[in-house]
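Mapping of the sequence shown onto the UniProt record's numbering: position 341 corresponds to residue 341, and the numbering continues sequentially without gaps.
Quick reminder that beta carbons are idealized off the backbone N, C-alpha and C, glycines included.
Notes follow once the structure below has been shown.
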Amino acid sequence: MLAANQEASPGTQGNMQISWCKVEATVSDPKDINAFSDTDVQAPKETPPLTVMSLSLNTIVNHKENDREIVCHGKDLVELCVHGSVSTFILKSILYVVQIDDPTPPEALPCSVHTFVPPLDRFPPNFEVRAGRNGKGVISPMKNEWMLLNRLLVTIHKADPDVIVGHEFPGVALDVFLHRMKELQADHWSRIGRFRRSRWPNIGRQGSNLRFINGRLVCDLASDGAKGMISSTTWSLTEMCKTHLKSERQDIDPDDTASYFDSGVSSPDRLLTFVRHCELDAYYQMVLAAKVQMLRLTRQLTNLAGNSWNKTLNGGRAERNEYILLHEFHRLKYICPDKSYGKKAATAEKIEAQDNNAEGGKATKGKRDKSSNPSVDLGYQTDGIEAYSEQYVRLSGIRVLQVLRPPLAALTTFKGREILTHTRELAESLQLEMRGVEVVLEGSSDYVRRLSMETRTRVQKAVNDRYKLLEIDLDGIFQRLHLLQEKRYVAIKVEDGGRPSTEVKGLDMKRRGYCALSKAVSQYVPDQILSGEATETVVERIHEYLTTMGEDIRAGKIKLDEFIIPEDHPNAKSQPHV
Numbered sequence: 001m002l003a004a005n006q007e008a009s010p011g012t013q014g015n016m017q018i019s020w021c022k023v024e025a026t027v028s029d030p031k032d033i034n035a036f037s038d039t040d041v042q043a044p045k046e047t048p049p050l051t052v053m054s055l056s057l058n059t060i061v062n063h064k065e066n067d068r069e070i071v072c073h074g075k076d077l078v079e080l081c082v083h084g085s086v087s088t089f090i091l092k093s094i095l096y097v098v099q100i101d102d103p104t105p106p107e108a109l110p111c112s113v114h115t116f117v118p119p120l121d122r123f124p125p126n127f128e129v130r131a132g133r134n135g136k137g138v139i140s141p142m143k144n145e146w147m148l149l150n151r152l153l154v155t156i157h158k159a160d161p162d163v164i165v166g167h168e169f170p171g172v173a174l175d176v177f178l179h180r181m182k183e184l185q186a187d188h189w190s191r192i193g194r195f196r197r198s199r200w201p202n203i204g205r206q207g208s209n210l211r212f213i214n215g216r217l218v219c220d221l222a223s224d225g226a227k228g229m230i231s232s233t234t235w236s237l238t239e240m241c242k243t244h245l246k247s248e249r250q251d252i253d254p255d256d257t258a259s260y261f262d263s264g265v266s267s268p269d270r271l272l273t274f275v276r277h278c279e280l281d282a283y284y285q286m287v288l289a290a291k292v293q294m295l296r297l298t299r300q301l302t303n304l305a306g307n308s309w310n311k312t313l314n315g316g317r318a319e320r321n322e323y324i325l326l327h328e329f330h331r332l333k334y335i336c337p338d339k340s341y342g343k344k345a346a347t348a349e350k351i352e353a354q355d356n357n358a359e360g361g362k363a364t365k366g367k368r369d370k371s372s373n374p375s376v377d378l379g380y381q382t383d384g385i386e387a388y389s390e391q392y393v394r395l396s397g398i399r400v401l402q403v404l405r406p407p408l409a410a411l412t413t414f415k416g417r418e419i420l421t422h423t424r425e426l427a428e429s430l431q432l433e434m435r436g437v438e439v440v441l442e443g444s445s446d447y448v449r450r451l452s453m454e455t456r457t458r459v460q461k462a463v464n465d466r467y468k469l470l471e472i473d474l475d476g477i478f479q480r481l482h483l484l485q486e487k488r489y490v491a492i493k494v495e496d497g498g499r500p501s502t503e504v505k506g507l508d509m510k511r512r513g514y515c516a517l518s519k520a521v522s523q524y525v526p527d528q529i530l531s532g533e534a535t536e537t538v539v540e541r542i543h544e545y546l547t548t549m550g551e552d553i554r555a556g557k558i559k560l561d562e563f564i565i566p567e568d569h570p571n572a573k574s575q576p577h578v
């Protein structure tokens with residue numbers, strides 16, 4: 001929250017007509033804008049609510065012109081506060097106050113639904129009448145696509161959402177919106193964002209047009225930022241609904257969309273089913289974003305780093321580390337050199353990579369052991385601090401190298417490795433290699449867990465007492481561990497309550513570029529290895545599974561969707577899975 005500095009040049013308010021906002025203000029100098037400090041007693045106690053709109057879009061391909069046309073558009077609208085101890089949800093004129101600790105699940109929260117539908121030729125009989133009697137949301141039949149777009153822009157302008165929630169919104173929905181609005185010459189097209197524009201700028205490639213909605217945040221469930229928060233394989237809406245909401249979402253083939261708009265049928269039931277499908281998609285998007293607390297978590301990350309909230313929502317992990325450094329240098333009155341781009345930046349990253357290869361990443365290398373029970377190594381491994389510290393050191397080193405000077409980048413990397421080395425030596429001095437292997441093997445799982453927690457407490461206290469600005473914590477307790485090489489392992493992790501779960505780190509099967517079938521086969525193999533069965537039995541099962549899978553693939557029994565990779569790779573020849 002910002003306030004004008006009244007002691008300097010105060011802000012002026014006027015009707016400048018440069019945006020679609022209700023209130024516009026300007027200041028003569030950026031220094032006239034100050035943020036409220038945490039200790040300011042005059043700072044507002046309540047955080048302003050955010051208006052969040054979930055947009056769902058269905059299109060059909062015009063084969064004559066080879067273009068997509070919008071046939072159904074649904075939206076959920078809700079106001080909520082993403083900070084503080086209270087969240088506020090507003091549905092029409094009714095105010096709902098929900099405590100953050102309230103056990104009410106996100107899918108039980110109310111919202112308003114509005115769907116716009118144009119016909120392909122004409123609506124089925126009685127569709128307008130049935131749509132008017134719809135009790136689960138407003139269905140507005142439109143005469144054509146031009147009216148749909150204008151009505152949507154009016155709705156966005158009136159609601160003035162701060163956040164737009166969607167699935168593949170920047171790459172698919174926004175691209176369709178922009179091209180159709182430009183083609184049909186929609187009125188006041190710039191109301192999709194908050195800045196007034198009269199002339200159309202060039203529409204870029206898919207996923208690069210977020211500048212058209214400047215002034216609004218985009219919470220996309222398929223973005224890099226969401227993929228870091230939502231555990232999924234394909235990050236399709238159907239899969240996320242099944243895994244996180246325990247709800248079965250119906251997939252509609254895009255080629256079948258036109259059949260739902262058949263005006264020759266005697267009943268509008270089929271079209272109404274399609275409309276409700278679009279409404280549910282908008283609802284699912286809102287519930288998923290709320291369930292993983294995407295807005296609240298990204299806001300906390302943005303407050304810590306001081307970067308753009310939109311960049312945090314859509315990824316930007318390296319940028320956050322860069323801004324942390326830049327804010328600190330600014331506080332110390334340092335002048336940073338201009339950032340390198342293009343070939344200079346690539347050269348800087350290459351130098352840093354060579355430095356990593358020369359020294360690197362060996363601070364916490366474990367010892368090989370012939371023990372049949374990998375849990376003996378739990379007290380010695382420092383995977384948690386290694387994963388986070390190495391990641392931060394690597395990213396910080398790259399960003400410092402691009403923004404500042406190589407010596408400072410080298411110092412940052414060196415200090416990180418030094419801390420890891422000292423932590424390893426400290427763990428060895430505390431005799432955490434658990435030499436009493438037979439005692440652990442004979443103990444129950446509860447005993448092993450209790451012993452691991454005691455070990456964690458010892459090393460945590462020793463490390464935290466040594467450093468003022470570094471804290472170490474438990475990364476996990478593993479029942480079984482298959483360590484392929486450093487930072488590459490698959491393990492059975494013991495969750496709270498003793499519930500086991502499989503954790504995979506650093507293996508190719510975790511790469512997003514692999515198809516669903518490859519990931520499924522890759523998951524079966526470590527599951528068998530960690531099953532605890534005899535070696536001969538495990539090998540036999542894996543051979544039988546791979547043989548059967550190969551026969552099914554050759555016979556065409558596997559669905560084509562299982563072979564689809566999520567993105568196009570330019571260097572396909574060097575990647576066997578492509």
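With contact defined as three or more Cβ pairs closer than 8 Å, the stretch 171-184 and the stretch 128-141 are not in contact.
When DSSP states are grouped into helix, strand and coil, residue 149 belongs to the helix group. Annotated three-state conformation of residue 458 is helix, per DSSP. Within the same chain, no residue comes within 7 Å of residue 199 by CB-CB distance, once the 5 residues on both sides are set aside.
The three-state secondary structure of residue 21, taken from DSSP, is coil. For the pair residue 27 and residue 18, the CB atoms are not nearer than the 8 Å cut-off. With a 10 Å radius around the Cβ and a threshold of 16 neighbouring Cβ atoms, residue 285 comes out buried. Rounded to whole angstroms, the gap between the alpha carbons of residue 21 and residue 52 is 16 Å. A buried status is given to residue 456, since no fewer than 16 other beta-carbon atoms sit within 10 Å of its beta-carbon. Contact holds between the stretch 521-532 and the stretch 479-493, because three or more Cβ pairs, one in each stretch, are under 8 Å apart. Following the DSSP letters along the chain, one finds residue 488 inside the beta strand (DSSP E) bounded by residues 488-494. For the 8 Å CB-CB criterion, residue 170 and residue 210 form a contact.
For residue 224, the uninterrupted alpha helix (DSSP H) run begins and ends at 224-227, by DSSP. Put simply, the backbone Cα of residue 125 is about 33 Å away from that of residue 189.
As the crow flies, the alpha-carbon of residue 414 is around 58 Å from that of residue 150. Going by beta carbons, residue 220 and residue 167 fall inside the 8 Å limit.
By the C-beta density criterion, residue 144 is exposed, having fewer than 16 other C-beta atoms within 10 angstroms. Membership of residue 518 in the alpha helix (DSSP H) is indicated by the continuous run 516-529. Segment contact: the stretch 234-241 against the stretch 320-337, fewer than three CB-CB distances shorter than 8 Å; contact not assigned.
Taking a C-beta distance under 8 Å as the contact criterion, residue 430 and residue 458 qualify as a contact pair. Bridge partners of residue 215 according to DSSP: none are assigned. Judged by DSSP in its simplified three-state form, residue 311 adopts helix. The three-state secondary structure of residue 244, taken from DSSP, is helix. Secondary structure of residue 143 (DSSP, three-state): coil.
For residue 550, the enclosing alpha helix (DSSP H) has its first and last residue at 535-554. Counted as a single uninterrupted DSSP element, the alpha helix (DSSP H) harbouring residue 275 occupies residues 269-291. Relative to residue 244, the option among 255, 232, 250 and 297 whose CA is nearest is 232. When the five nearest sequence neighbours on each side are left out, the beta carbons in the same chain lying within less than 7 Å of the beta carbon of residue 463 are those of 423, 426 and 472, in order along the chain. The C-beta distance from residue 271 to residue 127 rounds to 6 Å, short enough to fall under 8 Å.
If you look at residue 324, you'll find it in the alpha helix (DSSP H) that goes 317-331. Judged by their CB atoms, residue 225 and residue 312 are nearer to each other than the 8 Å cut-off.
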